(Lines of atoms letter the chains of each structure in order from A and count residues from 1; the text may use other names and numbers.)
(Lines give C-alpha, C1' and ligand atoms only; values in the text may rest on other atoms or scores of the structure.)
Protein backbone atom coordinates (compact mmCIF):
# COMPACT_ATOMS: atom_id res chain seq x y z
CA UNK A 1 0.00 0.00 0.00
CA UNK A 2 1.52 3.38 -1.03
CA UNK A 3 1.59 6.35 1.32
CA UNK A 4 -1.25 8.22 -0.49
CA UNK A 5 -3.64 5.25 -0.23
CA UNK A 6 -2.70 4.73 3.43
CA UNK A 7 -3.41 8.37 4.24
CA UNK A 8 -6.80 8.19 2.47
CA UNK A 9 -7.76 5.05 4.37
CA UNK A 10 -6.74 6.60 7.69
CA UNK A 11 -8.89 9.66 6.96
CA UNK A 12 -11.94 7.50 6.19
CA UNK A 13 -11.45 5.51 9.41
CA UNK A 14 -11.12 8.69 11.47
CA UNK A 15 -14.33 10.13 10.00
CA UNK A 16 -16.16 6.86 10.66
CA UNK A 17 -15.09 6.85 14.28
CA UNK A 18 -16.24 10.46 14.64
CA UNK A 19 -19.70 9.61 13.27
CA UNK A 20 -19.98 6.60 15.58
CA UNK A 21 -18.98 8.72 18.57
CA UNK A 22 -21.50 11.44 17.78
CA UNK A 23 -24.24 8.89 17.18
CA UNK A 24 -23.71 7.26 20.59
CA UNK A 25 -23.85 10.49 22.56
CA UNK A 26 -27.64 10.83 22.64
CA UNK A 27 -28.37 7.37 24.18
CA UNK A 28 -25.72 8.08 26.81
CA UNK A 29 -27.47 11.32 27.68
CA UNK A 30 -30.82 9.55 27.83
CA UNK A 31 -29.35 7.12 30.34
CA UNK A 32 -28.16 9.86 32.63
CA UNK A 33 -31.53 10.38 34.28
CA UNK A 34 -31.91 6.68 34.99
CA UNK A 35 -28.40 6.53 36.41
CA UNK A 36 -29.12 9.61 38.50
CA UNK A 37 -32.22 7.99 40.02
CA UNK A 38 -30.30 4.80 40.80
CA UNK A 39 -27.46 6.79 42.34
CA UNK A 40 -29.87 8.82 44.46
CA UNK A 41 -31.46 5.69 45.85
CA UNK A 42 -28.15 4.10 46.74
CA UNK A 43 -27.39 4.48 50.42
CA UNK A 44 -23.93 5.67 51.30
CA UNK A 45 -23.11 6.75 47.76
CA UNK A 46 -20.48 9.32 46.88
CA UNK A 47 -21.81 12.70 47.91
CA UNK A 48 -19.53 15.28 46.36
CA UNK A 49 -21.40 18.39 45.22
CA UNK A 50 -21.70 18.95 41.47
CA UNK A 51 -22.36 22.67 41.91
CA UNK A 52 -26.05 22.38 40.99
CA UNK A 53 -28.32 20.55 43.42
CA UNK A 54 -27.10 21.07 46.97
CA UNK A 55 -26.09 17.74 48.45
CA UNK A 56 -27.05 17.23 52.06
CA UNK A 57 -25.86 14.24 54.06
CA UNK A 58 -28.46 12.78 56.42
CA UNK A 59 -26.80 10.88 59.27
CA UNK A 60 -29.34 8.78 61.17
CA UNK A 61 -28.68 7.30 64.58
CA UNK A 62 -30.65 4.17 63.71
CA UNK A 63 -32.62 3.75 60.52
CA UNK A 64 -34.74 0.98 62.01
CA UNK A 65 -36.13 3.27 64.72
CA UNK A 66 -39.78 3.71 63.76
CA UNK A 67 -39.93 7.47 64.25
CA UNK A 68 -36.59 8.08 62.52
CA UNK A 69 -37.78 5.94 59.61
CA UNK A 70 -40.86 8.18 59.43
CA UNK A 71 -38.69 11.30 59.33
CA UNK A 72 -36.60 9.76 56.55
CA UNK A 73 -39.74 8.93 54.58
CA UNK A 74 -40.88 12.55 54.82
CA UNK A 75 -37.42 13.84 53.86
CA UNK A 76 -37.40 11.57 50.81
CA UNK A 77 -40.78 12.92 49.78
CA UNK A 78 -39.57 16.52 49.99
CA UNK A 79 -36.36 15.61 48.17
CA UNK A 80 -38.30 14.11 45.27
CA UNK A 81 -40.31 17.32 44.93
CA UNK A 82 -37.30 19.66 45.01
CA UNK A 83 -34.63 19.68 42.27
CA UNK A 84 -32.46 22.14 44.20
CA UNK A 85 -31.40 19.55 46.79
CA UNK A 86 -30.22 15.96 46.87
CA UNK A 87 -30.17 13.99 50.11
CA UNK A 88 -27.72 11.17 50.78
CA UNK A 89 -28.33 8.86 53.74
CA UNK A 90 -26.10 7.09 56.23
CA UNK A 91 -27.39 4.73 58.93
CA UNK A 92 -25.33 4.74 62.12
CA UNK A 93 -27.06 1.54 63.29
CA UNK A 94 -26.99 2.84 66.87
CA UNK A 95 -23.17 2.79 66.91
CA UNK A 96 -21.34 6.06 67.50
CA UNK A 97 -18.08 4.74 66.05
CA UNK A 98 -19.85 3.85 62.82
CA UNK A 99 -21.52 7.24 62.64
CA UNK A 100 -18.25 9.06 63.32
CA UNK A 101 -16.66 7.27 60.35
CA UNK A 102 -19.66 8.20 58.22
CA UNK A 103 -19.36 11.84 59.28
CA UNK A 104 -15.69 11.93 58.32
CA UNK A 105 -16.51 10.36 54.95
CA UNK A 106 -19.27 12.79 53.96
CA UNK A 107 -17.10 15.74 54.97
CA UNK A 108 -14.27 14.38 52.81
CA UNK A 109 -16.71 13.98 49.91
CA UNK A 110 -17.63 17.65 50.10
CA UNK A 111 -21.34 17.76 50.89
CA UNK A 112 -22.98 21.18 51.13
CA UNK A 113 -24.89 20.53 54.35
CA UNK A 114 -25.43 17.93 57.06
CA UNK A 115 -28.50 16.75 58.98
CA UNK A 116 -27.20 14.83 62.01
CA UNK A 117 -29.29 12.65 64.30
CA UNK A 118 -26.45 11.80 66.66
CA UNK A 119 -26.14 8.33 68.19
CA UNK A 120 -24.56 9.35 71.48
CA UNK A 121 -25.28 12.85 72.78
CA UNK A 122 -22.01 12.87 74.70
CA UNK A 123 -20.20 12.66 71.34
CA UNK A 124 -21.73 15.95 70.15
CA UNK A 125 -18.78 18.20 71.13
CA UNK A 126 -16.34 16.02 69.18
CA UNK A 127 -18.66 15.87 66.17
CA UNK A 128 -19.07 19.64 66.24
CA UNK A 129 -15.32 20.21 66.30
CA UNK A 130 -14.93 17.91 63.29
CA UNK A 131 -17.67 19.74 61.40
CA UNK A 132 -16.37 23.20 62.35
CA UNK A 133 -13.07 22.50 60.61
CA UNK A 134 -14.98 21.85 57.37
CA UNK A 135 -17.31 24.85 57.67
CA UNK A 136 -20.29 22.75 56.54
CA UNK A 137 -23.64 24.04 57.90
CA UNK A 138 -25.22 21.40 60.11
CA UNK A 139 -28.67 20.91 61.63
CA UNK A 140 -28.73 18.39 64.44
CA UNK A 141 -32.16 16.89 65.04
CA UNK A 142 -34.25 14.70 67.34
CA UNK A 143 -31.59 14.01 70.00
CA UNK A 144 -31.14 17.17 72.03
CA UNK A 145 -27.48 18.15 72.12
CA UNK A 146 -28.01 21.88 72.69
CA UNK A 147 -26.00 21.73 75.93
CA UNK A 148 -22.91 21.40 73.71
CA UNK A 149 -23.75 24.46 71.59
CA UNK A 150 -22.19 27.86 72.30
CA UNK A 151 -23.13 31.29 71.01
CA UNK A 152 -20.30 31.30 68.51
CA UNK A 153 -21.58 28.02 67.05
CA UNK A 154 -24.94 29.37 65.97
CA UNK A 155 -23.93 30.55 62.49
CA UNK A 156 -23.20 27.00 61.35
CA UNK A 157 -25.21 24.88 63.80
CA UNK A 158 -28.90 24.52 64.63
CA UNK A 159 -30.90 21.99 66.62
CA UNK A 160 -34.41 20.99 65.57
CA UNK A 161 -36.36 18.90 68.03
CA UNK A 162 -39.22 18.95 70.47
CA UNK A 163 -39.86 20.20 73.98
CA UNK A 164 -39.19 16.86 75.65
CA UNK A 165 -41.00 17.61 78.95
CA UNK A 166 -44.16 18.37 76.98
CA UNK A 167 -44.40 14.78 75.74
CA UNK A 168 -44.23 13.49 79.31
CA UNK A 169 -46.85 15.99 80.44
CA UNK A 170 -49.19 14.87 77.67
CA UNK A 171 -48.71 11.21 78.58
CA UNK A 172 -49.52 12.14 82.17
CA UNK A 173 -52.66 13.92 81.01
CA UNK A 174 -53.83 10.90 79.00
CA UNK A 175 -53.39 8.73 82.09
CA UNK A 176 -55.08 11.30 84.34
CA UNK A 177 -58.17 11.39 82.14
CA UNK A 178 -58.39 7.59 82.07
CA UNK A 179 -57.82 7.26 85.83
CA UNK A 180 -60.62 9.70 86.58
CA UNK A 181 -63.03 7.55 84.60
CA UNK A 182 -62.63 4.98 87.36
CA UNK A 183 -61.82 1.76 85.49
CA UNK A 184 -58.00 1.76 85.51
CA UNK A 185 -57.31 0.53 89.06
CA UNK A 186 -56.95 -3.19 88.42
CA UNK A 187 -56.14 -4.22 92.02
CA UNK A 188 -58.45 -1.61 93.60
CA UNK A 189 -55.78 -0.17 95.90
CA UNK A 190 -56.41 3.47 95.03
CA UNK A 191 -52.90 3.85 93.58
CA UNK A 192 -51.90 4.05 89.92
CA UNK A 193 -49.31 1.27 89.76
CA UNK A 194 -47.15 1.64 86.65
CA UNK A 195 -44.12 0.21 84.91
CA UNK A 196 -41.76 2.47 82.98
CA UNK A 197 -40.11 1.54 79.68
CA UNK A 198 -37.26 4.03 79.39
CA UNK A 199 -35.44 4.99 76.19
CA UNK A 200 -32.02 5.71 77.64
CA UNK A 201 -30.66 6.72 81.03
CA UNK A 202 -28.39 9.37 79.50
CA UNK A 203 -30.88 10.61 76.91
CA UNK A 204 -32.51 14.00 77.64
CA UNK A 205 -35.75 13.12 75.84
CA UNK A 206 -36.10 9.86 77.76
CA UNK A 207 -35.27 11.56 81.04
CA UNK A 208 -37.85 14.31 80.50
CA UNK A 209 -40.60 12.00 79.30
CA UNK A 210 -40.04 9.71 82.27
CA UNK A 211 -39.97 12.52 84.82
CA UNK A 212 -42.86 14.63 83.58
CA UNK A 213 -45.31 11.81 82.86
CA UNK A 214 -45.20 10.85 86.53
CA UNK A 215 -44.96 14.43 87.81
CA UNK A 216 -48.10 15.38 85.89
CA UNK A 217 -50.03 12.54 87.50
CA UNK A 218 -48.88 13.65 90.94
CA UNK A 219 -49.73 17.29 90.23
CA UNK A 220 -53.21 16.14 89.22
CA UNK A 221 -53.67 14.58 92.65
CA UNK A 222 -53.17 10.94 91.70
CA UNK A 223 -51.20 8.60 93.96
CA UNK A 224 -48.64 6.67 91.95
CA UNK A 225 -46.26 3.77 92.51
CA UNK A 226 -43.49 2.57 90.22
CA UNK A 227 -43.70 -1.22 90.11
CA UNK A 228 -40.75 -1.67 87.73
CA UNK A 229 -38.37 0.31 85.51
CA UNK A 230 -36.27 -0.83 82.58
CA UNK A 231 -33.93 0.99 80.21
CA UNK A 232 -34.87 -0.61 76.90
CA UNK A 233 -32.93 1.84 74.71
CA UNK A 234 -35.98 2.61 72.54
CA UNK A 235 -36.06 -1.03 71.38
CA UNK A 236 -39.28 -2.98 70.79
CA UNK A 237 -37.81 -6.41 71.50
CA UNK A 238 -36.12 -5.28 74.71
CA UNK A 239 -39.43 -3.81 75.88
CA UNK A 240 -41.26 -7.06 75.14
CA UNK A 241 -38.67 -9.02 77.11
CA UNK A 242 -39.02 -6.68 80.10
CA UNK A 243 -42.81 -6.86 79.97
CA UNK A 244 -42.74 -10.67 79.70
CA UNK A 245 -40.78 -10.77 82.95
CA UNK A 246 -43.03 -8.31 84.78
CA UNK A 247 -46.16 -10.18 83.77
CA UNK A 248 -44.79 -13.35 85.32
CA UNK A 249 -44.36 -11.67 88.71
CA UNK A 250 -46.75 -8.69 88.84
CA UNK A 251 -49.49 -9.17 86.26
CA UNK A 252 -52.29 -8.34 88.70
CA UNK A 253 -50.50 -5.34 90.21
CA UNK A 254 -49.82 -3.19 87.15
CA UNK A 255 -52.36 -0.59 86.02
CA UNK A 256 -50.37 1.15 83.29
CA UNK A 257 -47.37 0.86 81.01
CA UNK A 258 -45.64 4.18 80.34
CA UNK A 259 -43.29 3.89 77.36
CA UNK A 260 -40.95 6.66 76.22
CA UNK A 261 -41.75 5.78 72.61
CA UNK A 262 -44.29 3.83 70.59
CA UNK A 263 -41.81 1.14 69.63
CA UNK A 264 -41.46 0.07 73.26
CA UNK A 265 -45.22 0.42 73.77
CA UNK A 266 -45.76 -2.04 70.90
CA UNK A 267 -43.30 -4.44 72.55
CA UNK A 268 -45.33 -4.26 75.76
CA UNK A 269 -48.59 -4.88 73.88
CA UNK A 270 -47.08 -7.98 72.24
CA UNK A 271 -46.23 -9.34 75.69
CA UNK A 272 -49.71 -8.52 77.00
CA UNK A 273 -51.39 -10.21 74.05
CA UNK A 274 -49.30 -13.33 74.67
CA UNK A 275 -51.12 -13.71 78.02
CA UNK A 276 -54.53 -12.89 76.58
CA UNK A 277 -54.69 -9.20 77.46
CA UNK A 278 -55.13 -6.13 75.21
CA UNK A 279 -56.45 -8.16 72.30
CA UNK A 280 -59.30 -5.82 71.47
CA UNK A 281 -61.87 -8.29 72.75
CA UNK A 282 -60.28 -9.22 76.09
CA UNK A 283 -62.03 -8.15 79.29
CA UNK A 284 -58.81 -7.73 81.28
CA UNK A 285 -56.68 -4.96 79.79
CA UNK A 286 -53.78 -2.78 80.82
CA UNK A 287 -53.42 0.87 79.83
CA UNK A 288 -50.42 1.45 77.54
CA UNK A 289 -49.21 4.88 76.41
CA UNK A 290 -46.33 5.85 74.13
CA UNK A 291 -44.84 8.72 72.15
CA UNK A 292 -44.49 9.28 68.38
CA UNK A 293 -47.89 8.36 66.88
CA UNK A 294 -46.30 5.86 64.53
CA UNK A 295 -48.62 4.17 62.04
CA UNK A 296 -48.47 0.92 64.01
CA UNK A 297 -49.30 2.63 67.31
CA UNK A 298 -52.16 4.60 65.79
CA UNK A 299 -53.58 1.35 64.40
CA UNK A 300 -53.38 -0.26 67.86
CA UNK A 301 -55.10 2.73 69.44
CA UNK A 302 -57.87 2.66 66.86
CA UNK A 303 -58.36 -1.07 67.60
CA UNK A 304 -58.58 -0.35 71.33
CA UNK A 305 -55.46 -2.29 72.30
CA UNK A 306 -53.41 0.81 73.21
CA UNK A 307 -54.72 3.80 75.18
CA UNK A 308 -52.92 6.71 73.57
CA UNK A 309 -49.77 8.31 72.26
CA UNK A 310 -48.21 11.71 71.80
CA UNK A 311 -47.65 12.66 68.19
CA UNK A 312 -44.11 13.61 67.31
CA UNK A 313 -44.54 15.29 63.95
CA UNK A 314 -42.22 13.59 61.43
CA UNK A 315 -43.59 15.68 58.58
CA UNK A 316 -43.06 18.90 60.53
CA UNK A 317 -39.53 17.82 61.45
CA UNK A 318 -38.61 17.08 57.83
CA UNK A 319 -40.06 20.37 56.60
CA UNK A 320 -38.15 22.36 59.23
CA UNK A 321 -34.88 20.63 58.36
CA UNK A 322 -35.21 21.26 54.62
CA UNK A 323 -36.49 24.83 54.93
CA UNK A 324 -33.83 26.02 57.37
CA UNK A 325 -30.95 24.33 55.55
CA UNK A 326 -31.98 25.75 52.17
CA UNK A 327 -32.24 29.17 53.80
CA UNK A 328 -28.78 28.81 55.35
CA UNK A 329 -27.21 27.70 52.07
CA UNK A 330 -28.97 30.40 50.06
CA UNK A 331 -29.09 33.35 52.46
CA UNK A 332 -26.45 32.63 55.07
CA UNK A 333 -28.90 32.22 57.96
CA UNK A 334 -30.98 29.26 59.14
CA UNK A 335 -33.95 31.27 60.41
CA UNK A 336 -34.16 34.77 58.91
CA UNK A 337 -36.95 35.05 56.37
CA UNK A 338 -38.55 31.70 57.26
CA UNK A 339 -41.66 30.88 59.29
CA UNK A 340 -39.52 29.51 62.13
CA UNK A 341 -38.33 31.17 65.31
CA UNK A 342 -35.66 30.14 67.77
CA UNK A 343 -36.83 28.92 71.15
CA UNK A 344 -36.00 30.51 74.49
CA UNK A 345 -32.53 28.96 74.41
CA UNK A 346 -31.76 30.81 71.12
CA UNK A 347 -30.24 27.59 69.78
CA UNK A 348 -33.15 25.52 68.61
CA UNK A 349 -36.48 25.15 66.86
CA UNK A 350 -39.08 23.12 68.74
CA UNK A 351 -41.78 21.16 66.91
CA UNK A 352 -45.08 20.90 68.80
CA UNK A 353 -46.48 17.63 70.13
CA UNK A 354 -50.14 16.54 69.95
CA UNK A 355 -52.15 14.01 71.97
CA UNK A 356 -53.72 11.12 70.04
CA UNK A 357 -56.23 8.79 71.73
CA UNK A 358 -58.18 7.60 68.69
CA UNK A 359 -60.27 8.72 65.74
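Residue numbers (mature numbering (1 follows the signal peptide of the UniProt record, and there is no 0)): -21 to -1, 1 to 338.
We put the CB at the ideal spot given by N, CA and C, even for glycine.
The structure displayed is predicted, hence computed values, not measured ones.
Can you check which of these residues, 317, 288, 223, is closest to residue 301 by C-alpha distance? Reading the chain shown from its first residue, position 322 is the one you call residue 301. With respect to the C-alpha of residue 301, the residue from 317, 288, 223 having the closest C-alpha is 317.
Closest residue to residue 151 among 265, 311, 288 (Cα-Cα distance): What you label residue 151 is simply residue 172 of the chain shown in a count that begins at 1. Ranked by Cα distance from residue 151, the first of 265, 311, 288 is 288.
How about residue 296 and residue 50: do their beta carbons lie closer than 8 Å? Residue numbering aside, residue 296 sits at position 317 when the chain shown is read from its first letter. Residue numbering aside, residue 50 sits at position 71 when the chain shown is read from its first letter. Annotated as proximal: residue 296 and residue 50, with beta-carbon spacing under 8 Å.
Of all the options 262, 138, 311, which has the alpha carbon lying nearest to the alpha carbon of residue 124? Counting from one through the chain shown, the residue named residue 124 turns up at place 145. Measuring from the Cα of residue 124, the nearest candidate turns out to be 138.
List the DSSP bridge partners of residue 38. As a first step, residue 38 must be located in the chain shown, where it is residue number 59. In the DSSP output, where bridge partners are listed per residue, residue 38 has 69, 95.
Could you pull out every residue in the same chain whose Cβ sits closer than 6 Å to the Cβ of residue 273, ignoring the five residues on either side in sequence? Numbered from 1 along the chain shown, position 294 holds the residue referred to as residue 273. Here residue 273 has 45, 241 as same chain residues with Cβ atoms under 6 Å from its own Cβ, once five neighbours each way along the sequence are excluded.
Quick check: residue 239 and residue 193, are their CB atoms within less than 8 Å of each other? The sequence position of residue 239 within the chain shown is 260, counting from 1. The sequence position of residue 193 within the chain shown is 214, counting from 1. Going by C-beta atoms, residue 239 is not nearer than 8 Å to residue 193.
Burial state of residue 339, where buried means 16 or more other Cβ atoms lie within 10 Å: The chain is shown from -21 up to 338; residue 339 falls before or after that span and cannot be answered.
Assigned secondary structure, residue 174 (DSSP; H/G/I helix, E/B strand, else coil): If you number the chain shown from 1, residue 174 lands on position 195. In this structure, residue 174 counts as strand in the three-state DSSP scheme.
Cut-off 7 Å between Cβ atoms - residues of its own chain near residue 401, not counting five sequence neighbours on either side: No answer is possible for residue 401: the residues shown for the chain start at -21 and end at 338.
Does the beta-carbon of residue 215 have 16 or more other beta-carbons within 10 angstroms, so that it is buried, or is it exposed? What you label residue 215 is simply residue 236 of the chain shown in a count that begins at 1. Burial state of residue 215 is buried, judged by a 10 Å Cβ sphere holding 16 or more other Cβ atoms.
Proximity of residue 250 and residue 223 at Cβ, strictly below 8 Å: On the chain shown, position 271 is the one that residue 250 refers to. On the chain shown, position 244 is the one that residue 223 refers to. With contacts defined by Cβ atoms closer than 8 Å, residue 250 and residue 223 form a contacting pair.
Buried versus exposed call for residue 53 [16 or more other C-beta atoms within 10 Å across all chains shown]: Indexing the chain shown from 1 puts residue 53 at position 74. Burial call: buried.
What residues are listed by DSSP as bridge partners for residue 333? Translated into positions along the chain shown, residue 333 becomes position 354. In the DSSP output, where bridge partners are listed per residue, residue 333 has 290.
Beta carbon of residue 36, beta carbon of residue 90: below 8 Å? Against the chain shown, residue 36 aligns to sequence position 57. Against the chain shown, residue 90 aligns to sequence position 111. Going by C-beta atoms, residue 36 is nearer than 8 Å to residue 90.
Starting from the C-beta of residue 263, find all residues in its chain whose C-beta is less than 6 Å away, skip the five residues before and the five after it, and write them out in chain order. Position 284 of the chain shown, counted from the start, is the residue given in the question as residue 263. Cβ neighbours of residue 263 beyond the five flanking positions: 256.
Which residue comes first and which comes last in the beta strand (DSSP E) that contains residue 118? What you label residue 118 is simply residue 139 of the chain shown in a count that begins at 1. Here the beta strand (DSSP E) through residue 118 covers 117 to 120.
Within this structure, are the beta carbons of residue 208 and residue 175 separated by less than 8 Å? Walking along the chain shown from the start, residue 208 turns up at place 229. Walking along the chain shown from the start, residue 175 turns up at place 196. Taking 8 Å as the cut-off, the beta carbon of residue 208 is found closer than this to the beta carbon of residue 175.
Taking C-beta to C-beta, are residue 196 and residue 154 nearer than 8 Å? To locate residue 196, count along the chain shown from 1; it is residue 217. To locate residue 154, count along the chain shown from 1; it is residue 175. The answer is yes: Cβ separation under 8 Å.
Under 8 Å between the Cβ atoms of residue 117 and residue 100? Here residue 117 corresponds to residue number 138 of the chain shown, with the count starting at 1. Here residue 100 corresponds to residue number 121 of the chain shown, with the count starting at 1. No.
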